Each structure stands twice: as structure tokens, then as C-alpha cells.
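Numbered by mature numbering (1 follows the signal peptide of the UniProt record, and there is no 0), the letters in the sequence shown go through residues -16 to -1, 1 to 514 in order.
Accompanying notes for the structure given below.
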Amino acid sequence: MIVVTELLCLAWLVLGKCNGNHIEDVTIIGAGIGGSYTGWRLRDKGWKIGIYEYSDRVGGRMFSKYFPDAPDLPVEFGAMRLRPEDHVRMIKAGRELGLTFVPFPEGGGRIPERTILYLRNTHLRTFELGGPRTPYRLRPEELMDPRDLSRLLSETFTNYNGTNPRAEHFNAYTIDGVPVYLQSYEDVIQKTGISLEAQKYLRDSSAFHFGLGHAQSNSRFLKTRQGFEEENTRPTDLPSYVTVPTGMNSFPVEFMRKFLVSNPKCHALHLNSQLVKVLRKKKGIYQLKFRKTVSINGDIMLTKHYFFVYSRNVILAIPKAPVLKIQMPQFSNPQFLSALNSVVDVQSSKIFLIYNYPWWLGGSHNFTYTQSDLPYRQSYNWGISRTGKAVLLISYTDTHDVPFWSRLQNMGKLISKRYDETRVTDEVVNQAHLQLSRVYNIHVNNIPDPIDGMMFVWNKYPYNGGWVDWNPGSRWYDIKRFLTRPFSQENIYINHGYWGAEHNGWGESSLEAADDVLSFFNIPSYLQTN
């Protein structure tokens, strides 16, 4: 909250006119990772730039908070880790911002020696999947590690190799000659003829369930053929997964801070401002109509107060839902709407509880990561604070399990020390404890009461989800290219990070998208700068 207050103070300081010009050169909508990065990259241009944010918070889906009892352990409701070999812009920018990187202890999850699985009331180690203790009635040819089974299906029923994914994703076809990208995962898995039990086995053993239903099959069905794997072509001095000890929202907050202080007369941040209408005036100037909003305990209320801004260029760095709400004649264009709707939001949620001691680390094995077919889905040992208190990410789930936790958040007595969108109730705790007691094989009464809790459900406007799935028929790269500047005669741009292709769900996609937008302003890709 201190950081947001400091940014607000900076925002008030920079509202003076820029060389007497009341027209903004660039107006950026959205103060998440994409919008803040875009402003930061434009900070030295000498232009009048305004950034407008619907809420009272900078960061978007990079959303970090702290328990008062663990002030050194940021909890991450959104982005929580980076893959340095893939997220090269994020790593480069972090270093330029002065951020430090530390290993993310659980990596990508399921580190064998630290993981316990609980499927169909059966405790399993990762190496036991596909063995005789696998609790699924699989055919002999299906009885293998789920990753091996997934690869076998891809190799057997498609011509995909994986040596050039960017091209192959849209040239691959199933054995009946139908392009894979035109089909849903459900369509393709049915063509394989595997048993219903095998389908459930693949689903239940997956940490995430997005992409396993009606979504486009590419991202979850296609697997690199054995022998076609390529070594990492981007060597890095960092571990496979890293995080930022000051919180992942340090990225957007620092981008924003440096943007504001770089040119106090020309740069401004306006919180609680919703873009509702764009009207093109004479000489290529756009009249932007904004509605003021009010944030109360994390909930955002609309007001009846409006204001207008004039701009030469508009960059939309916001999710699909708020883009669809903007009134502009061109936004009813069928091709534009089809591109926007090529993705569907994926609901997700995280629940963090803090205890006087790490009860989950007792026993003969210190299992720091668990995965199950129960609604909590995944748990992570989040760490022990210098205060001695221990934090557990007791539930991390997506898709169909999210409404279960969303309902419980609004039932029972409050146990958290705040009443806002991160509140936790005893109903949430009771269910989480009941499920984890089965996984850790201890009596639920032996799990201590938490001293505090926070959770966040990504199912509300303006996000409607934690990330997105592609719909069948979507050609990712064509859509990204089109959306960057959807109307050739208009200076309206979209940070297509929401339509992130291979970086879907990661901050890297928003930075890559911003670079694509900035190319129209003759600004080179960040990867080409010193």
C-alpha cells in the first residue's frame, strides 16, 4: 500500500501541463505489466504521455501482498515465477530496474524428491505414475507415465515433430488429415481411441486443467517427438525458475516509478479511470471519454462522473473484456471481434494461509509440493519468515474447481486480518484443511489454526480469468500481428499480450507485445538495445 501511495503522490505532482500542450502524444490504457512497461520504454521521448488505470492499483495480474506477520515473504496472487531461458525481456528489464532474482524453490512444481501426489484416495510418488499402484483401470498399452502417454499419442496420431513449433503448430494434422489447430483437445483425444479411464488419468495427473476441454488442442496435445528435442539456445546464469524477493509486482511498480520521475511535466498516471468511448476528431486527434471509478476494499464501483482526454495515439494494454466495452465505430468490425474472441478466459485462484509453524514439514518426508484430484489441486510450501511464521500456498487451481473456492470465500466467519477482495473465511480454511489432511495422511484436528489468510479469485471484471485459452481455428501469430494495429488508418494499438501464443499466461508476452506496438513508433525491440 505504501508503494501505491508513493505512486499516487508522484501522479499528483506530474499533472502540470507539458509545454502548454493539452493534447497527449500517447495515451496508454492499463497500468499492468504491459502498460507500465510501454510507458517506461517511451520515458525519454519528450512526449506528453498519460497512463489510465481502471482500479487503484498498479500491476494488473502481477499482484503481490504481505502478511503483517511475515513482512519478508511476498505472496503472489498472480505471476509468481519466471523461466530465464524463455523470459529474456523480463530478466533483462529486471536487471535494468535494479531488481534481484532468487531461485523459486519449487521450480515448476513436482520436483520428485519433494512431491507427493494424491489421486483417487491413493498416495503416490511421481515415479509411481504408470506403475502397478496407478489407481486407474488402464489398458496395458496405456499404463505408463502420463507424460510418456501424452507424447505417444501426439507421435501416433499427428505428424508433429516440434523442431519448428511456430510453423508446425499450424501445419500439423491428425491422421485423418484435419489440421490440429482447427480442433479442440476433446476432439483430438476422442480420435485416439484411448479409454475413458486414460482420459481421466491424463486430466487428473495434470497440475492445470486449462486446455483439456473445448479449447484449441495445440498447446496441450502436441508434444515434441522423441529425438527431436533441442537444447536451450539461450544460455543463462540463472536457475531454471526464479522469482523476485521484493514481489513480482516490483516490475510494474518500478516501470511506473521510473516513467513518472523521468519527465514530471509530461508524464502522468491516472488511477480509477475507465475508458468508455473513443471518437476520432479532426487532424487525427482522438477524443477519449473516461468514467471515474471508486475502489472500496478491492471492489471497483462505477460513478456518474466523466472526463475527456485528447490524444494522438492510443495504446490499449488491457484484457479482452474491457476492450469489448469501449465504444468506437471500428470496434464493431467482424474481423476485429473475431480476433478478440479467439481467446477465452481461464478462471484461477490461490489461497495462502500463515501458521505459527510449518505443520506440513513434519514426518519422515518433507513434502513441499502436493498435487491432487481434490479441489485444492496444488499446494506449495511458500516459506518460513524471519519472524518464524510459516506460509503455505494451500490451494492453486484453475477452471472447474475455482467456483468452489469463490463460493466459500463468501460464506462463514472471517479469519483474515482484512476485509477486502483477499479475505479468507473459516469455511475456506475448513475445506482446505480437510483436503490437505488426506493428502498428508494426518487427522484434520492435528492441523493448527492459521493466524491469518489471503486468497484471490481471478474470475471478475476486468480480468475474468488468470490467463486465457485459444479457441479452435485460431492462428496465433496472424491474430497477434493483426491486433497490434487492427485498423491501418487509425492510431489505435493493442498490446496483444493477452493473446500471448507460446508465452500465454506469462509477463513476457506483454513485453513482447509492447515491443510490437512500439515498432510503429520507430522504437527497436528491447532485445536489440544495449
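Just so it is clear, CB atoms sit at the ideal spot from N, CA and C, and this is done for glycine as well.
Quick caveat: nothing in here was measured; it's all calculated off a predicted structure.
Query                                                                                                                        : Result
For Gly114 and Val262, the rounded distance between their alpha carbons                                                      : 56 Å
Nearest residue (CA-CA) to Gln362, options Leu420, Val59, Pro163, Val10                                                      : Leu420
Beta-bridge partners of Ala156, as assigned by DSSP                                                                          : Note: Ala156 sits in no beta bridge, so no partner.
Assigned secondary structure, Leu358 (DSSP; H/G/I helix, E/B strand, else coil)                                              : coil
Beta-carbon proximity list for Thr99, same chain, < 6 Å, skipping 5 on both sides                                            : Thr110, Tyr353
Local conformation of Pro55 per DSSP, three classes                                                                          : strand
Ala(-6) - DSSP class collapsed to helix/strand/coil                                                                          : Legend: pLDDT at Ala(-6) = 48, less than 50; position of this residue unreliable, value from coordinates given subsequently. In this structure, Ala(-6) counts as helix in the three-state DSSP scheme.
Continuous beta strand (DSSP E) stretch holding Thr140: start and end                                                        : Careful: Thr140 lies outside any beta strand (DSSP E), inside the alpha helix (DSSP H) at 130 to 141.
Straight-line Cα distance separating Val386 from Arg165                                                                      : It should be noted that the sequence gives Tyr, not Arg, for residue 165. Each residue's Cα considered, the two are about 27 Å apart.
Spatial distance of Glu181 from Lys175 (CA atoms)                                                                            : 15 Å
Identity of the residue in Gln314, Asn256, Ser20 nearest Ile280 by Cα                                                        : Asn256
Through-space distance from Gly489 to Ile178, alpha-carbon basis                                                             : 29 Å
Endpoints, alpha helix (DSSP H) assigned at Trp483                                                                           : Neither: Trp483 is in no alpha helix (DSSP H) and is coded neither H nor E.
Contact set for Leu495: own chain, Cβ-Cβ below 8 Å, skip 5 residues either direction                                         : Ile17, Gly18, Tyr21, Arg73, Met74, Ala77, Gly481, Tyr510
Coil, strand or helix - Pro124 by DSSP                                                                                       : helix
Rounded straight-line distance, which links the Cα of Val10 to that of Trp24                                                 : 12 Å
Contact check, Leu196 vs Gly491, beta carbons under 9 Å                                                                      : no
Where the beta strand (DSSP E) through Gln258 begins and ends                                                                : 257 to 264
Where Trp451 falls: helix, strand or coil (DSSP)                                                                             : strand
Alpha-carbon spacing of Ser134 relative to Cys250, whole angstroms                                                           : 54 Å
Option nearest Ser190 by Cα separation, candidates Tyr157, Asp129, Ala199, Phe47                                             : Asp129
Beta-carbon contacts of Pro446 that lie in its chain and below 7 Å, excluding the five residues immediately before and after : Tyr38, Ile302, Pro303, Ala305, Pro306
Residue range of the alpha helix (DSSP H) that includes Tyr461                                                               : 460 to 468
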